[in-house]
Amino acid sequence: MIEVRNVTKTYGRGEGAFVALDDVSFEIPDGVSVAILGKSGSGKSTLMHIMSGLDSVTSGEIRINGENIFAKKQKEIDAFRSRQMSFIFQSFFVQGKESCYDNVGMPLEIAEVPASKRKELIMHALNSVELGEKAKSKAKDLSGGQKQRLAIARAIVNNPKILFADEPTGNLDTTTGGIIEDLLFSYNRDKNATLIVVTHDPELAEKCDMQIIIRDGRVQEIRDNTTAKGKI
Amino acid sequence: MKIADTLRRAGRSLKQAKARTLLTSLAIAVGAFTIMMSLAAGEGTRNYSNNLIQSNVDPQALFIVQDDSLFESGGTASTGLREYDADVSEQGGRSLKLMNQEAIDGLAARDDLTDVTPTYQLSVRSIEFSQSDTRYSAEVAAYNPDVISEVAAGKLPEKGTSIAADEIVLPEGFATTLGVSPEELIGNEVRLTIVQPSSTLGEAEAREVIATEGVEGLARRAQGETRTITTSVVAVTKQSSTSFTATTAASVSAETAKEIAEFTTEGTDSYQKYLGVTAKAAEGYDPAKVKAELESEGFSAQTAEDLQSLIFTIVNVLQYIVAGFGILALLASLFGIINTQYISVLERTSQIGLMKALGMRGRDVSRLFRYEAAWIGFLGGVIGIGLAALATALLNPFINKTLELGEGNYLLAFVPWHALVLLACLILIAIAAGYFPSRKAAKLDPIEALRTE
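For the protein sequence lines, the chains are D and E, in the order given. Quick note: this note's numbering has the first sequence finishing at residue 476, numbered continuously throughout. Quick note: this note's numbering has the second sequence finishing at residue 537, numbered continuously throughout.
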């Protein structure tokens, strides 16, 4: 369960201050897929950064499994993120000069997973995005869709409980984007992991269990289809 | 992130920018090479001079003088006048107190000294050989029984034993001048002509000479008496690379040297006056203690060890100068590391952001960049030290041949533990240089870094 409680984020001070998020509150049950829908500049990316502990709040708190993450030390937040969370970005951020295998291995190094267990985890993740045969290829030699699949393999290799996807299909055509969406939703279903998709694409948002619509830093509307879909 | 993973990742990052890594390392390699060569040259020269001293100087040997200004560089060069003293010799603007026979006899009588031999200044008017009618001029020195030179012909006595009074040792060059083989000289007669300085007599002295020796005696005095010493060649020596003794001089026994020195100075102020004596600390006596005792009695002495430390001081100064240039080169290369790593941080902004988003701690990011710098230092060190090892191996035979140092004497000595210490220092220095870029990387804001372009 992720609880967002009265989160306000202000950049700057005084007259020039800009309120990115204004008293945002909602709850996300475990294992659901959530779309944070909003236009560019609505504050949806800031919300994702705050929910993952990458950014700080001006006021309010984020509770994950009942614990306020901002009460923790930076070291603990980092450790928590390395074991429980992962990210997928619009522009992939794969390391072009490294092999696919090394790209996927990075989160395991950061989470200090013993070297002996890594190979199996990496190959499993690569196979689940159908890139098993590309393990030794350099990431820069992949196509755009393959790069995002590689990013997904990297995101799921350490079996995170929460997966953040920031415009995951924004740089891809419809067909390739569809494959990426299928991969994300199947991970969400199969592992009962929470999937939080940040997007401005209503079609993608429709496919999620929940939609949180953000406008000008405020929650405009929360649509909850979880009961309709038979979840919870 | 575990240290082993960080190290591996750092190595991988460098491999991805091969040209840049190599160029940065090469800058360090230049410094490392220079420092390693200076270390090798210092070590080699010290080894060589050690060899040189050990084969020339008995560790028990002492050189004793009356006046310590001989051992001091600079010293007190007086510009004014000094009162006349028969025991003082003026040399190069400096007054040296000479040692007289009385002092020498005193030294010879001591229990802690043996083989007290004055340093004879030998001047021979001419030298004649049975092979030639020509009269030659040549340098003559006292035979040093502690240095066994390589012989071209004939035989030298064992170490420590002098040649006989009527024997002479010639350098190979003499045979060449005479146009004969060294073997032909052995056993042949060599005549040395020495001349007593002419003396100016006062009227009373002149009358006395005429009264006792007649007018002829007076004429002889005025001309300077001449004596011929006949010796036979016992050996012809080769030019030696590890020998201090002037191999251009003919060597005569100490007795003959004394005879020449006394005859050629008789009647002058420098009769039986010497710059100093060479002696040996008697068996069971520590030369350093003997030296201290002599000094308390007003003499000055130099031991074999003093000589060694004097040479080492010169070698060390030269070594520091070369090493100084190496350190300067190294210093310049540090800016190379800092620059390279700053560029690397900028280039990899998104990677750093991603790693931080995935939970990598700032401390680990910083360590990653410091390890990269360490790798650059390591690589530069290995290249520089490797080149120095190669240069040492290639140059040694060449230097040896050019300077005719003789078998087994090498001026460059590559010491493995020096190389290891240097390498460790280079890595530490590189890490220090990587500190600023690594701090920049550690402080990078992941949100800023991951902002979609």
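Even glycine gets a Cβ: it sits at the ideal position worked out from N, Cα and C. Only a predicted model underlies this, so the values are computations on that prediction, with no experimental measurement involved.
Would you say the region 317 to 324 of chain D touches the region 386 to 402 of chain D, given that touching needs at least three Cβ pairs under 8 Å? no
Where Gly158/E sits in the DSSP three-state scheme: By 1-based counting over the second sequence, the position of residue 158/E is 74. Reliability of the predicted coordinates at Gly158/E is poor, the pLDDT of 47 falling under 50, and no value is obtained from them.
Under 8 Å, with one C-beta from each stretch per pair, do the region 253 to 263 of chain D and the region 277 to 285 of chain D reach the 3-pair mark? no
Which listed residue (Met329/D, Pro404/D, Pro412/D, Val301/D) has its alpha carbon closest to that of Gln390/D: If you number the first sequence from 1, residue 390/D lands on position 146. Looking at the Cα atoms, Pro412/D is the closest of the given residues.
Could you tell me if Thr348/E is buried or exposed, where buried requires 16 or more neighbouring beta carbons within 10 angstroms of its beta carbon? Counting from one through the second sequence, the residue named residue 348/E turns up at place 264. Buried: at least 16 other Cβ atoms inside 10 Å.
Between Asn135/E and Asn493/E, is the Cβ-Cβ spacing less than 8 Å? To locate residue 135/E, count along the second sequence from 1; it is residue 51. To locate residue 493/E, count along the second sequence from 1; it is residue 409. Cβ distance < 8 Å, so Asn135/E and Asn493/E count as in contact.
Return the Cβ separation of Leu414/E and Ile112/E in integer angstroms, given the expectation that the two are a contact with Cβ distance under 8 Å. If you number the second sequence from 1, residue 414/E lands on position 330. If you number the second sequence from 1, residue 112/E lands on position 28. About 7 Å; that satisfies the 8 Å criterion.
Could you name the residues of the region 430 to 446 of chain E whose beta carbon sits closer than 9 Å to any beta carbon of chain D, in the order they occur along the chain? Arg432, Ser434, Gln435, Gly437, Leu438, Met439, Lys440, Ala441, Leu442, Gly443, Met444, Arg445, Gly446
Residue-chain proximity (Leu534/E, chain D), Cβ-Cβ < 8 Å: Within the second sequence, residue 534/E is the residue found at index 450, counting from 1. Cβ-Cβ to chain D under 8 Å: yes for Leu534/E.
Within this structure, are the beta carbons of Met25/E and Val149/E separated by less than 8 Å? Within the shown structure, residues of chain E are numbered from 85 to 537, placing residue 25/E beyond reach of any answer.
What does the Cβ neighbour count give for Glu532/E, buried or exposed, with the cut at 16 atoms within 10 Å? On the second sequence, residue 532/E is found 448 positions in, with the first residue counted as 1. Glu532/E should be labelled exposed.
What residues in the region 108 to 136 of chain E bring their beta carbon closer than 8 Å to a beta carbon of chain D? none
Is the shortest distance between the beta-carbon of Arg104/E and the beta-carbons of chain D less than 8 Å? If you number the second sequence from 1, residue 104/E lands on position 20. Taking Cβ atoms only, chain D never reaches closer than 8 Å to Arg104/E, which makes this a no.
With 16 other CB atoms within 10 Å as the buried threshold, where does Asp217/E fall? Position 133 of the second sequence, counted from the start, is the residue given in the question as residue 217/E. That one is exposed.
Under 8 Å by beta carbon: chain E residues contacting His293/D: What you label residue 293/D is simply residue 49 of the first sequence in a count that begins at 1. In chain order: Ile531.
Report the residue from Gly408/E, His502/E, Ala145/E, Tyr355/E whose alpha carbon sits nearest the alpha carbon of Thr387/E. As a working note, residue 387/E is residue 303 in the second sequence. Ranking Gly408/E, His502/E, Ala145/E, Tyr355/E by Cα distance to Thr387/E puts Ala145/E first.
Any beta-carbon of chain D closer than 8 Å to the one on Arg96/E? On the second sequence, position 12 is the one that residue 96/E refers to. Judged by the 8 Å Cβ criterion, Arg96/E is in contact with chain D.
Give the interface partners of Lys86/E over in chain D, defined as CB-CB distance under 8 Å, in chain order. Residue numbering aside, residue 86/E sits at position 2 when the second sequence is read from its first letter. The answer, in chain order, is Glu353, Glu356.
Does any CB atom of chain E fall closer than 8 Å to the CB of Ala323/D? The residue you call residue 323/D lines up with position 79 of the first sequence. At least one chain E Cβ lies under 8 Å of Ala323/D.
If you draw a straight line from the C-alpha of Arg327/D to the C-alpha of Ser522/E, how long is it? The residue labelled residue 327/D in the question sits at position 83 within the first sequence. The residue labelled residue 522/E in the question sits at position 438 within the second sequence. Near 25 Å, if we compare the C-alpha coordinates of Ser522/E and Arg327/D.
Confirm, please, whether the CB-CB distance from Gln392/D to Leu416/D is below 8 Å. As a working mapping, residue 416/D is identified with position 172 in the first sequence. As a working mapping, residue 392/D is identified with position 148 in the first sequence. For Leu416/D and Gln392/D, yes; Cβs fall inside 8 Å.
If you scan the region 421 to 468 of chain E from start to end, which runs of the beta strand (DSSP E) of 3 or more residues do you find wholly inside it? none
Is there at least one Cβ from chain D nearer than 8 Å to Arg454/E's Cβ? Against the second sequence, residue 454/E aligns to sequence position 370. No, its Cβ sits nowhere closer than 8 Å to a Cβ of chain D.
Own chain residues within Cβ distance below 6 Å of Phe462/E, not counting five before or after: By 1-based counting over the second sequence, the position of residue 462/E is 378. Here the set comprises Ile511.
Anything in chain E within Cβ reach of Ser300/D, meaning under 9 Å, just list it in chain order. Residue numbering aside, residue 300/D sits at position 56 when the first sequence is read from its first letter. Here the premise fails: no neighbours, minimum Cβ distance about 10 Å.
Gln100/E versus chain D: which residues are under 8 Å apart at the beta carbon? On the second sequence, position 16 is the one that residue 100/E refers to. Lys341, Glu342, listed in chain order.
Answer yes if the region 102 to 112 of chain E comes into contact with the region 290 to 310 of chain D, meaning at least three C-beta pairs across the two stretches below 8 Å, and no otherwise. no
Can you tell me which of the three DSSP states Leu528/E falls into? If you number the second sequence from 1, residue 528/E lands on position 444. Correct three-state label for Leu528/E: coil.
Would Met350/D pass as an interface residue toward chain E - the criterion being a Cβ-Cβ separation below 8 Å? For this step, residue 350/D is matched to residue 106 along the first sequence. With 8 Å as the cut-off, Met350/D counts as an interface residue toward chain E.
Output, in chain order, the set of chain D residues within a Cβ distance shorter than 9 Å of Arg93/E. To locate residue 93/E, count along the second sequence from 1; it is residue 9. Within 9 Å Cβ-Cβ: Asp346, Met350, Glu353.
Measure from the C-beta of Lys253/D to each C-beta in chain E and report whether the shortest distance is under 8 Å. On the first sequence, position 9 is the one that residue 253/D refers to. For Lys253/D, the answer is no, since every Cβ of chain E falls outside 8 Å of its Cβ.
Can a CB atom of chain E be found closer than 8 Å to the CB of Glu284/D? Counting from one through the first sequence, the residue named residue 284/D turns up at place 40. The sequence shown places Ser at residue 284/D, not Glu. Not closer than 8 Å to any Cβ of chain E, the Cβ of Ser284/D fails to qualify, so no.
Does DSSP put Ala255/E in a helix, in a strand, or in coil? By 1-based counting over the second sequence, the position of residue 255/E is 171. According to the sequence displayed, residue 255/E carries Pro and not Ala. Pro255/E falls in the strand class under three-state DSSP.
Roughly how many angstroms separate the alpha carbons of Gly159/E and Lys181/E, rounded to a whole number? Start at 1 with the first residue of the second sequence, and residue 159/E comes out as number 75. Start at 1 with the first residue of the second sequence, and residue 181/E comes out as number 97. With a pLDDT of 47 at Gly159/E, under the threshold of 50, the modelled position of this residue cannot be trusted; read the value that follows with caution. So the two alpha carbons sit approximately 14 Å from each other.
Below 8 Å, can you find three or more Cβ-Cβ pairs linking the region 284 to 300 of chain D to the region 245 to 254 of chain D? yes
May I ask you to report which of helix, strand or coil DSSP gives Asn493/E? Here residue 493/E corresponds to residue number 409 of the second sequence, with the count starting at 1. Note: Asn493/E maps to coil in three-state DSSP.
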